[in-house]
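Structure first, commentary second.
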Amino acid sequence: MNRRIKVHGKVQGVFFRKNTQQKALELDLKGWVKNEDDGTVSLEIEGELHSILAMQSWLRLGPPNSQVEYLEISQGEEQGYQDFLILQ
């Protein structure tokens with residue numbers, strides 16, 4: 000299962016990507032996370048549905064010092080990622 004997620008709010012400069020990577024590894028998710036030029040953070044995750052739903056719940060709160068306003072979530076095609084990387 001694959002999800003593409005764009006996180007809006009105060010999500011850059013607050014270790015959002017690093018915390019997201021740690022949570023993804025904890026949930027055995029694969030994919031990537033990166034900062035976007037518009038101030039959002041994008042990620043693509045693959046894994047079991049229960050892990051994806053747990054990640055979505057965690058992203059709605061975000062790590063300390065972040066202020067998540069809302070998530071844009073869409074279903075993507077599986078890419079077969081082997082790890083969870085921070086891009087850029």
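Heads up: the sequence shown at position 67 corresponds to 66 in numbering that gives the first Met the number 0, and the numbers run straight through without jumps. We treat Cβ as the ideally placed atom computed from N, Cα and C, and that holds for glycine.
Secondary structure of residue i, DSSP reduced to three states
| i | result |
| --- | --- |
| Phe15 | helix |
| Gln66 | strand |
| Leu24 | helix |
| Leu86 | coil |
| Gln81 | coil |
Residue i to residue j span [Cα, whole Å]
| i | j | result |
| --- | --- | --- |
| Leu26 | Thr19 | 10 Å |
| Val13 | Glu68 | 15 Å |
Integer Cβ distance of residue i from residue j, believed to fall under 8 Å
| i | j | result |
| --- | --- | --- |
| Glu45 | Gly30 | 5 Å |
| Leu58 | Val6 | 6 Å |
| Val32 | Leu24 | No, Val32 and Leu24 are not in contact; Cβ-Cβ is about 11 Å, not under 8 Å. |
| Leu70 | Gln81 | The Cβ separation is near 25 Å, so there is no contact. |
| Gln11 | Val40 | 7 Å |
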